[in-house]
Amino acid sequence: MDSRSVAAEAGRGIIGATLDAPARFHLDALRWFITATEVAGVAPEDLLLAVVGPTDAEVPRALAAAGVQIVPVKAFDDRSPHCNKIAGARVVAARAPLGPVALTDLDLAFLADPRRASAGAGTIAGKTVDSTVPKLPVLDAVFEAAGLPVPPEVETSFTPVGPTRRGNFNGGLYVLDGVDVPGMVDGWERWARWLLERRELLDKWAIHVDQVSNLLALTELGLRPVLLDGAWNQATHKPDQLPPSAERPKVLHYHTAVDTIGRLQPAGHAA
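Residues 868 to 1138 (the numbering used here) make up the sequence shown, in order.
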């Protein structure tokens, strides 16, 4: 029985991410794997890494040998490397996983299994964006152009807080049920390509096509956004802006905040 069948039969779902070509992402992949398996207790076969570029590079080979599912993918669109995560999500959707699915960036360190944040079928869980990206009038103009209803207003995660729309999640972690992944990914891909042809709608925030298109997709599909506590996606790269969290961190989103030998830089907050 292959690793895909083991995970699917058990209903454990999948934790999926996309590995881009630059070397720093390969180092991220090692931290992602080590913290998931050795700290959060995730089975290696429950991890799926979609690789943009050669799969015979040192890190993908090592992770494959450890039991991680390694799948080659083509870049989504040269205009938006951030959208490569959609190509990776497409691979996860094709596996039709049973149970909770976490779609993640690689610059995460896990203290707990992110699949625990799932709220079940018909929902998508994430942390509201740290700051007003894009600004509310820009985001609302995108919804108007798309012909979709505008979600309710909520506050951003970082201080000082500002207004955004419910479901405008930081793209580092999305958690949903496997039954909803194919439909969500279909919409995500379609809206990303729609936005890439209309990048002027995003003004100076065009880099966030992946994030905004995800919001459009979940709105169209009718998935209920579940707002996670910051503990599930605790940013560490701007410690002066971190709000107090009621919970011990479960997932650290460190971005590039690592030292010269690859250790996470301290954020000055208890973990």
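Virtual Cβ for every residue (Gly too), placed ideally from N, Cα, C. None of these values were measured; they are calculated from a predicted model.
Checklist entry - Within the chosen definition, does the stretch 1045 to 1064 reach the stretch 927 to 936 through at least 3 CB pairs nearer than 8 Å? => result Because the criterion of three Cβ pairs below 8 Å is not met, the stretch 1045 to 1064 and the stretch 927 to 936 do not touch.
Checklist entry - So, helix, strand or coil for residue 881, using DSSP? => result Note: residue 881 maps to strand in three-state DSSP.
Checklist entry - Since residue 1093 and residue 986 are thought to touch, with beta carbons under 8 Å apart, how far apart are those beta carbons, to the nearest angstrom? => result Contact check for residue 1093 and residue 986: beta-carbon distance about 4 Å, within the 8 Å limit, so the pair qualifies.
Item to check | residue 955 vs residue 880 beta-carbon contact at 8 Å | outcome: Taking C-beta atoms as the reference points, residue 955 and residue 880 fail to come closer than 8 Å.
Item to check | residue 960 burial status per 10 Å Cβ neighbour count (16 or more: buried) | outcome: Buried, by the Cβ-count rule.
Checklist entry - Using DSSP with H/G/I as helix, E/B as strand and the rest coil, what is residue 1033? => result In the structure shown, residue 1033 sits in coil (DSSP, three-state: anything other than H, G, I, E or B).
Checklist entry - In three-state DSSP terms, what is residue 991? => result The answer is strand: DSSP assigns residue 991 an E or B state.
Checklist entry - Measuring CB to CB, does residue 992 end up less than 8 Å from residue 1063? => result Here residue 992 is not near residue 1063, since their CB atoms are 8 Å or more apart.
Checklist entry - Using a Cβ-Cβ cut-off of 7 Å (strictly less than) and excluding sequence neighbours within five positions of residue 995, which residues of its own chain qualify? => result Excluding its 5 nearest sequence neighbours in each direction, residue 995 has C-beta neighbours in its own chain below 7 Å: 1021, 1023, 1024, 1031, 1035, 1036, 1094, listed in chain order.
Checklist entry - What residues in its chain sit with their C-beta under 6 Å from that of residue 1056, if we drop five residues either side in the sequence? => result Taking C-beta separations shorter than 6 Å and ignoring five residues to either side along the sequence, the partners of residue 1056 in its chain run 953, following chain order.
Item to check | residue 945 versus residue 891 - alpha carbon distance | outcome: Distance between the alpha carbons of residue 945 and residue 891 is about 19 Å.
Checklist entry - To which residues of the same chain is residue 1016 closer than 6 Å at the C-beta, ignoring the five residues directly before and after it? => result Residues of the same chain with their beta carbon placed closer than 6 Å to that of residue 1016 are lacking, with the five preceding and five following residues left out of the count.
Checklist entry - Since residue 926 and residue 893 are thought to touch, with beta carbons under 8 Å apart, how far apart are those beta carbons, to the nearest angstrom? => result The pair is a contact, with the Cβ atoms about 4 Å apart (cut-off 8 Å).
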